[in-house]
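Number of protein chains: 2
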Amino acid sequence: MTEPHLADDFDPTASSLSDQVAPEVMAELLAVRGSIDNIDATLVYLLAERFKATQRVGYLKARHKLPPADPDRETAQIGRLRRLAEEAHLDPAFAEKFLNFIISEVIRHHQAISDEHNGGN
Amino acid sequence: MTEPHLADDFDPTASSLSDQVAPEVMAELLAVRGSIDNIDATLVYLLAERFKATQRVGYLKARHKLPPADPDRETAQIGRLRRLAEEAHLDPAFAEKFLNFIISEVIRHHQAISDEHNGGN
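Those sequence lines, one after another, are chains A and B.
Per UniProt numbering, residue 1 is the first one in the first sequence, and the count goes up by one each step.
Per UniProt numbering, residue 1 is the first one in the second sequence, and the count goes up by one each step.
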C-alpha cells in the first residue's frame with residue numbers, strides 16, 4: 001500500500017444536497033465546483049506568497065524599529081484595489097473588506113515579529 | 001492632454017513612515033511593496049473569477065429551488081484548504097478564516113439571487 005496523499009481526504013462530490021438534486025443538475029454543479037476548487041488552491045498559494053512578502057516587510061520594520069501599521073500606505077492600497085475591483089467587475093466594497101481582512105492579519109504578524117525582535121513578551 | 005488612467009491615482013510610494021526611514025531602507029520597503037501590489041492585483045482578478053463561478057452556482061440553485069448553503073460541501077472545502085495551506089506554509093487557521101469570509105459573501109449573493117429569482121422581497 002502506498003503512502004496516502006494529503007489530497008486523498010478530499011471528496012470533490014461532498015454535498016448535503018445530493019438527495020434533493022437530479023443527477024444532471026448535480027453534474028453541472030460539480031463541474032463549476034471543480035473550477036472553484038482550482039481557484040481556491042491558487043488563492044492559497046498566492047496568499048502564502050503574499051505573507052512571505054509581508055514577513056520580509058515585518059522583519060525590515062522590526063530591524064529599524066518602525067511601527068507595524070502604515071496608514072498612508074493602507075489608504076493608497078484600498079483606493080487602488082477598489083479601482084481594480086471595478087475593472088474586474090468585483091464589488092469594490094467587498095475588495096476593500098477583503099484587503100482590511102488581510103491587512104489586520106499582516107499587522108498581527110508584524111506585531112509578533114516586533115515583540116520577538118525587541119525581546120517583548 | 002490624454003484621458004487619465006485609473007491607475008494614475010495610485011502612488012506606490014505612499015507611506016506615513018517616509019520621514020522616519022533612511023532612503024536605502026525605504027527603497028528596500030518599496031521593492032517588496034511592489035511585489036505585494038502585483039500579488040494584490042492578481043488576487044482581485046482571481047476573486048472576480050471565483051465570484052463568476054459561484055454566481056453560476058447561485059443561478060443553478062435558484063432555478064432548482066436549492067438552499068443557498070451546503071454544509072457538507074463547506075466542511076470538505078475547509079478540510080482541503082487547511083491541508084493545502086500546510087503544504088504552502090500558510091497558517092491553516094488563517095486559511096479557514098479566509099474561506100469562511102469568502103463563503104459568507106457567497107451565501108449572501110446566493111440569497112440575493114434566490115430572492116430575485118423567486119420574486120421575494
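All C-beta atoms in this analysis are idealised placements derived from N, C-alpha and C, irrespective of residue type, glycine included.
Please classify residue i: does DSSP put it in a helix, a strand, or coil?
i              : result
residue 75(A)  : helix
residue 21(A)  : coil
residue 90(A)  : coil
residue 97(A)  : helix
residue 15(A)  : coil
residue 51(B)  : helix
residue 4(B)   : Because residue 4(B) sits at a pLDDT of 48, beneath the cut-off of 50, its placement in the model cannot be relied upon, and the point is left open.
residue 38(A)  : helix
residue 69(A)  : coil
residue 64(B)  : coil
residue 58(A)  : helix
residue 121(A) : No answer about residue 121(A) holds up, because its pLDDT of 49 lies below 50 and its placement is not dependable.
Beta-carbon separation of residue i and residue j under 7 Å?
i              : j              : result
residue 111(B) : residue 68(B)  : yes
residue 107(A) : residue 96(A)  : no
residue 113(B) : residue 58(B)  : yes
residue 80(B)  : residue 10(A)  : yes
residue 44(B)  : residue 53(A)  : no
residue 101(B) : residue 94(A)  : no
residue 48(B)  : residue 90(A)  : yes
residue 66(A)  : residue 66(B)  : no
residue 25(B)  : residue 109(A) : no
residue 179(B) : residue 41(B)  : With chain B covering only 1 through 121, there is no way to say anything about residue 179(B).
Determine the chain C residues that contact residue i at a beta-carbon separation under 7 Å, and present them in chain order.
i             : result
residue 19(B) : Going by chain labels, chain C is absent from the structure shown, which instead holds the protein chains A and B.
Residue i and residue j look like a contact to me (Cβ under 8 Å); what is the Cβ gap, rounded to whole Å?
i             : j             : result
residue 14(A) : residue 76(B) : 4 Å
residue 46(B) : residue 39(A) : 6 Å
residue 30(B) : residue 12(B) : 7 Å
query = Just by C-beta distance, which residues in the region 41–72 of chain A are closer than 7 Å to chain B?
reply = 41, 42, 43, 44, 45, 46, 47, 48, 49, 50, 51, 53, 54, 56, 57, 60, 64, 66, 70, 71, 72
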